[in-house]
Amino acid sequence: MHSDSFKFAISRRALIKTAGASALVAAAGLPSRLFAADPIKVAAIYTVPVEQQWVSRIHKAANAAKERGDIEYVYSENTANNDYERVMREYCEAGHKLVLGEVFGVEDAARAVAKDYPDVAFLMGSSFKPDAAVPNFSVFDNYIQDASYLSGLIAGAMTKSKNIGMVGGYPIPEVNRLMNAFMAGVKEVAPDTKFQVAFIGSWFDPPKAKETAFAQIDGGADLLYAERFGVSDAAKERKILAIGNVIDTQADYPDTVVASALWHFEPTLDKAIAEVKAGTFKADDYGVYSFMKNGGCSLAPLGTFDGKVPDDIKAKVAEKEKMIKGGSFTVEINDAEPKSS
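Using mature numbering (1 follows the signal peptide of the UniProt record, and there is no 0), the letters of the sequence shown map in sequence onto residues -36 to -1, 1 to 305.
In structure tokens form, the structure reads like this:
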């Protein structure tokens, strides 16, 4: 499905329409043929629906950039892995200058397409690093371990059974690091906490995530880490607590979701748009733009739970957040698969 909606945010700065500027752009490499006030054509390819947590943040950022007039934006959702390369090529042939997406299952094909279209910039969610051999292919990931750690501090104070269930999509780095950071936060407050860790083998299967969560509740969990949709539904039905991931769902679960680690894709996308418009886009790792110190993540307001989280924990969270932003405390990036304990 091709649509002109919202997803993946972007930014500003443009080239001056002079022969001298054109020469500089050509010398810098990519892209070319951009003029001062022209929005760049951006296309995004998603393997899941745009309401899925991770992709929804990209979509939101892209729509914000579109509304600012920085980009034109189209997207495809629910694109199967075996169809991903074809859709990429179609967007390139249609003149899009920046292509966004997630290529966790189609790395080789995506990089091959990028090689065939050197004048197109690619910014792709990936577990792998940029390659100088494909200078127009940059990677990003949601490095929101800072906010995940802070949510763990809160969870450690809120669990009474000291038994927490965690349901993830796949045990890949971008999921593992968030779970590990969350677990580290929990252990700092409640070191004797046990974890039940499970992966459902899907990025979007709410019924399966819900059933997995029910099993963990039956196993003694009184708080769930909702890395996937469906987990908070199980928590709500069984009247236990949940911690959200990537988006804030407390409005939908006011008595269930205590806190959430939020991902803000805007800094990542804005940086890429600025590079494309300046003709300086190159193979790079944009992961750092998801760090808290760069505005790429935050802890959602406690909202309905503001009066229920202990004051000493709220003070600890505020202190740690200040330290993270100031650089005096660094949350470990641990991409190893988390295990039940």
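Virtual Cβ for every residue (Gly too), placed ideally from N, Cα, C.
All values reported here derive from a predicted model rather than from experimental measurement.
| Asked | Found |
| --- | --- |
| Three-state secondary structure (DSSP) of Trp18 | helix |
| Reduced DSSP category for Gly149 - H, G, I as helix; E, B as strand; rest coil | helix |
| Minimum C-alpha distance to Gln109 - residue among Pro135, Trp227 and Gly183 | Trp227 |
| Where Ile118 sits in the DSSP three-state scheme | helix |
| Local conformation of Ser(-5) per DSSP, three classes | Confidence at Ser(-5) is low in this model, with a pLDDT of 42, below 50, so the placement of that residue should be treated as unreliable; the coordinate-derived value is given next. Correct three-state label for Ser(-5): coil. |
| Chain-order list of residues whose beta-carbon lies under 6 Å from that of Lys30 (same chain, five-residue window excluded) | Tyr37 |
| Alpha-carbon spacing of Met147 relative to Lys286, whole angstroms | 20 Å |
| Beta-carbon gap between Val14 and Glu41 smaller than 8 Å | yes |
| Close Cβ partners of Val195 (< 6 Å) along its chain, the five nearest in sequence each way excluded | Val131, Ala173, Ala177 and Leu188 |
| Sequence ranges, beta strand (DSSP E) only - wholly within the region 78 to 116, length at least 3 | 85 to 89 and 101 to 104 |
| For Ile207 and Ala119, believed in contact at Cβ under 8 Å, the rounded distance | 5 Å |
| Alpha-carbon spacing of Val63 relative to Ile9, whole angstroms | 8 Å |
| Inter-residue spacing [alpha-carbon to alpha-carbon] between Gly291 and Lys257 | 8 Å |
| Beta-carbon spacing of Ser224, Ser115 below 8 Å | yes |
| Other residues of its chain near Ala300: CB distance less than 8 Å, five sequence neighbours each side excluded | Asn140 and Asn144 |
| Ala198 versus Asn100 - alpha carbon distance | 43 Å |
| Cα-Cα separation, Leu(-7) to Ala238 | Interpretation of Leu(-7) is limited by its pLDDT of 48, a score under 50 that renders its predicted location unreliable; no figure is taken from the coordinates. |
| Cβ of Lys246 within 8 Å of any chain D Cβ | Among the chains in the structure shown there is no chain D, since it carries only a single protein chain. |
| Three or more C-beta pairs below 8 Å linking the region 73 to 87 and the region 43 to 53 | yes |
| Reference Asn45, options Val70, Val84, Gly271 and Tyr55, closest by Cα | Val70 |
| Local Cβ density within 10 Å of Ser304, reported as buried at 16 or more and exposed below that | exposed |
| Alpha carbon of Lys241 to alpha carbon of Ala58, nearest angstrom | 18 Å |
| Distance between Tyr81 and Asp216 (C-alpha atoms, nearest Å) | 43 Å |
| Opposing strand residues paired with Cys56 [DSSP bridges] | The partner list for Cys56 (beta bridge, DSSP) is empty, contrary to what the question assumes. |
| Distance CB(Gly149)-CB(Tyr107) smaller than 8 Å | no |
| Alpha helix (DSSP H) segment containing Ala279, residue limits | Asp275 to Gly290 |
| Assigned secondary structure, Ile128 (DSSP; H/G/I helix, E/B strand, else coil) | strand |
| Ser262 beta carbon less than 8 Å from that of Thr232 | no |
| Whole-angstrom distance between Met122 and Asp248, CA atom to CA atom | 40 Å |
| Rounded C-alpha distance that separates Met88 from Lys200 | 34 Å |
| Every unbroken beta strand (DSSP E) within the region 201 to 245, with a cutoff of 3 residues, ordered by chain | 205 to 210 and 221 to 227 |
| Option nearest Asn27 by Cα separation, candidates Ala96, Val6, Trp18 and Asp275 | Val6 |
| Cα-Cα separation between Ile211 and Trp18, rounded to whole angstroms | 8 Å |
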